[in-house]
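Numbering (this note's numbering), first residue to last: 24 to 294.
Ideal Cβ positions, reconstructed from N, Cα and C, are used throughout, including at glycine.
Structure, as structure tokens:
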């Protein structure tokens, strides 16, 4: 069984890397702490930093918190249902971009050079999570999340470059005009479904897992997919200090997040 699981993880990793070699690559770093309020109830806080453009530039800074409570558990503790509510604030860095422009005959006439800009947002999430332990080694989890995100106002400079003819009749590219582009605030809601399978290795602090996450837009049209393979690592026997290491490939058909590969490293303190 162990060999089959590790073969599955390796095959998933190889497939995803081969599937999207031309996409972006970034790193994700998180630090969090979780406080147990009473049995079955906890509150946690987390900070995150993520890079983009092949790790050359920052993509986001995030801070947030989440309250979680157990709603139901069977007598043998094999199945439990938990509810959670969380909020986070994000500072997002949108990279500079050149947007090609064409005339009515589909002939290239120049481009718009949009400067880099920061656009902040805050997100509220309500989740229901079902956990099932098939055995001492295998466990499964299904998490359904309603996600509301508010995009704040932002603005950036746009320089429009167009082809023109000079006095000698040569076609040259020059600055036509400059303007400030304003982004109005907007709200988006998404329903996310995440299925996770985890394997507990006997007498080993490393617990590998794999998950598939699908997000569907509710007040707009979008499809978001996240494929993850990673491992939870207990740094101490008491499981008070934990580390999470993962690889993820994500893709979506809107401009919410860049498509591509992500390597993540996280640390959490439980007390």
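Comparing C-alpha positions only, which one of the options sits nearest to residue i?
i, options, result
"residue 161", "248, 230, 290 and 287", "230"
"residue 232", "163, 108, 138 and 96", "163"
"residue 177", "115, 289, 102 and 254", "115"
"residue 95", "122, 234, 155 and 108", "155"
"residue 205", "74, 102, 242 and 137", "137"
"residue 224", "254, 88 and 210", "254"
"residue 275", "289, 157 and 245", "245"
"residue 194", "112, 64 and 133", "133"
"residue 108", "127, 226, 99 and 146", "146"
"residue 239", "74, 228, 288 and 211", "211"
"residue 182", "83, 64, 67 and 135", "135"
"residue 228", "128, 241, 235 and 258", "258"
"residue 153", "241, 200 and 102", "102"
"residue 221", "251, 242 and 207", "251"
"residue 65", "71, 55 and 241", "55"
"residue 121", "241, 256, 129 and 180", "180"
"residue 48", "69, 63, 82 and 198", "82"
"residue 172", "111, 92 and 261", "111"
"residue 69", "256, 90 and 63", "90"
"residue 261", "99, 293 and 267", "293"
"residue 186", "131, 71 and 127", "131"
"residue 99", "88, 159, 267 and 263", "159"
"residue 234", "256, 216 and 113", "216"
"residue 226", "256, 203 and 87", "256"
"residue 243", "127, 263 and 277", "277"
"residue 113", "128, 126, 87 and 129", "87"
Here's the rule: buried if 16 or more other CB atoms are within 10 angstroms of the residue's CB, otherwise exposed. What is residue i?
i, result
"residue 272", "buried"
"residue 269", "buried"
"residue 285", "buried"
"residue 97", "exposed"
"residue 139", "exposed"
"residue 167", "exposed"
"residue 42", "Reliability of the predicted coordinates at residue 42 is poor, the pLDDT of 48 falling under 50, and no value is obtained from them."
"residue 281", "buried"
"residue 61", "exposed"
"residue 237", "exposed"
"residue 192", "exposed"
"residue 39", "Any reading at residue 39 must be qualified, since the residue scores a pLDDT of 49, below 50, and its modelled position is unreliable; no value is offered."
"residue 144", "buried"
"residue 58", "exposed"
Do residue j and residue i have their beta-carbon atoms positioned less than 8 Å apart in this structure?
i, j, result
"residue 118", "residue 76", "yes"
"residue 196", "residue 188", "no"
"residue 291", "residue 249", "no"
"residue 165", "residue 218", "yes"
"residue 174", "residue 124", "no"
"residue 283", "residue 46", "yes"
Quick test of your reading: residue i and residue j, contact by CB under 8 Å. State the CB separation rounded to the nearest angstrom.
i, j, result
"residue 151", "residue 106", "6 Å"
"residue 74", "residue 50", "5 Å"
"residue 289", "residue 53", "4 Å"
"residue 169", "residue 201", "Rounded, the Cβ-Cβ distance is 42 Å, inconsistent with contact."
"residue 67", "residue 92", "Not really, about 12 Å apart at Cβ, beyond 8 Å."
- prompt: Unbroken alpha helix (DSSP H) runs of length 4 or more, entirely within the segment 94 to 166: which are they?
  reply: Listed in chain order, there is nothing to give.
message: For a minimum of 3 consecutive residues, which ranges assigned as the beta strand (DSSP E) are wholly contained in the segment 184 to 219?
response: If only uninterrupted beta strand (DSSP E) runs of at least 3 residues are considered, those enclosed by the segment 184 to 219 are 194 to 206.
query: Could you give the uninterrupted runs of the beta strand (DSSP E) lying entirely in the segment 257 to 285, keeping only those of 3 residues or more?
result: The segment 257 to 285 contains these whole beta strand (DSSP E) runs: 264 to 275.
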